[in-house]
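*Asks:*
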Amino acid sequence: MNKAMRQSGFAYIAAVILLVVVAGVCVALLRLSGTQQDTVNQAVLGARASLAARAGIEWGFYQLRTGACNAAPRQLTDVEAESGFRVTVSCSFLDFSEGEDSAGSPVAKRSVRVEAVACNSGGSCPSFDPAVLTRPDYVERRRVATTCTMGGANLC
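Per numbering that gives the first Met the number 0, the sequence shown starts with residue 0, numbered consecutively.
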């Protein structure tokens, strides 16, 4: 009888240790699930920002074709209303001569750089405010495209 009483408390200790281990595994799985969800959210925001920047590039090329693309940065309010991302588009030009044509005249060319920046900040885009840049949900994507025009033609 004495021996049975000494062994009766061992099951309680094993059960408590088992419960602590199971609780630790559950906490680790919950934290992993939360981290995974944050990663997926960031990936979705990044993809949306990239598509908004691409829309800005396409808008810039359309403006270039109509002759309205200028160096002053321009905010696209339609994209912001639809996607929630503020898009800023700017164009820069570099005129140069490349060789001569058959008549001996210089061949004038123009290199055009269209830059689009998309971000989900409430202020200016791109943002330089440290309070905005350090937010965990802040996303910014920049796309740059260049083309070359020659004497009224679209491409070199």
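Ideal Cβ positions, reconstructed from N, Cα and C, are used throughout, including at glycine.
To the nearest angstrom, how far is it from the Cα of L17 to the Cα of S126?
*Replies:* The count along the sequence shown starts at 1 and reaches residue 17 at position 18. The count along the sequence shown starts at 1 and reaches residue 126 at position 127. Roughly 51 Å between the two C-alpha positions.
*Asks:* Go through its chain and collect everything with a Cβ distance to A152's Cβ below 8 Å, but skip five positions before and after it.
*Replies:* Looking up residue 152 in the sequence shown gives position 153. In this prediction, A152 has a pLDDT of 45, which is less than 50 and means its spatial position is unreliable; what the coordinates show is noted afterwards. Excluding sequence neighbours, A152 sits near nothing in its chain.
*Asks:* Inspect the beta-carbon positions of F84 and S110 and report whether they are closer than 9 Å.
*Replies:* Reading the sequence shown from its first residue, position 85 is the one you call residue 84. Reading the sequence shown from its first residue, position 111 is the one you call residue 110. For F84 and S110, no; Cβs fall outside 9 Å.
*Asks:* Output yes or no for whether 9 Å exceeds the beta carbon distance between Q74 and C124.
*Replies:* In the sequence shown, counting from the first residue as 1, residue 74 sits at position 75. In the sequence shown, counting from the first residue as 1, residue 124 sits at position 125. Taking 9 Å as the Cβ cut-off, Q74 and C124 qualify as a contacting pair.
*Asks:* DSSP three-state call for G55: helix, strand or coil?
*Replies:* As a first step, residue 55 is located in the sequence shown; it is residue number 56 there, counting from the start. Helix at G55.
*Asks:* Compute the Euclidean distance between the alpha carbons of V20 and L50, then round it to the nearest angstrom.
*Replies:* Along the sequence shown, one-based indexing puts residue 20 at 21. Along the sequence shown, one-based indexing puts residue 50 at 51. Between V20 and L50, the C-alpha separation is close to 45 Å.
*Asks:* In angstroms with no decimal places, state the Cα-to-Cα distance between E139 and G45.
*Replies:* Reading the sequence shown from its first residue, position 140 is the one you call residue 139. Reading the sequence shown from its first residue, position 46 is the one you call residue 45. E139 and G45 have their C-alpha atoms some 7 Å from each other.
*Asks:* Evaluate the contact criterion for the region 101-108 versus the region 62-78: three or more CB pairs, one atom per stretch, below 8 Å.
*Replies:* no
*Asks:* Quickly, what does DSSP pair S91 with across the bridge? List them, please.
*Replies:* In the sequence shown, counting from the first residue as 1, residue 91 sits at position 92. Bridge partners of S91: R112.
*Asks:* Roughly how many angstroms separate the alpha carbons of N40 and L31, rounded to a whole number?
*Replies:* As a working mapping, residue 40 is identified with position 41 in the sequence shown. As a working mapping, residue 31 is identified with position 32 in the sequence shown. Straight-line Cα distance between these residues: approximately 14 Å.
*Asks:* Out of D77, R142, A48, which one is the CA nearest neighbour of C90?
*Replies:* Working through the sequence shown from its first residue, we reach residue 90 at position 91. Of the candidates D77, R142, A48, the one whose C-alpha sits nearest the C-alpha of C90 is R142.
*Asks:* Assuming T145 and V116 form a contact by the criterion Cβ under 8 Å, report the distance between their Cβ atoms to the nearest whole angstrom.
*Replies:* As a position in the sequence shown, residue 145 is number 146, starting the count at 1. As a position in the sequence shown, residue 116 is number 117, starting the count at 1. T145 to V116, Cβ: 16 Å. No contact.
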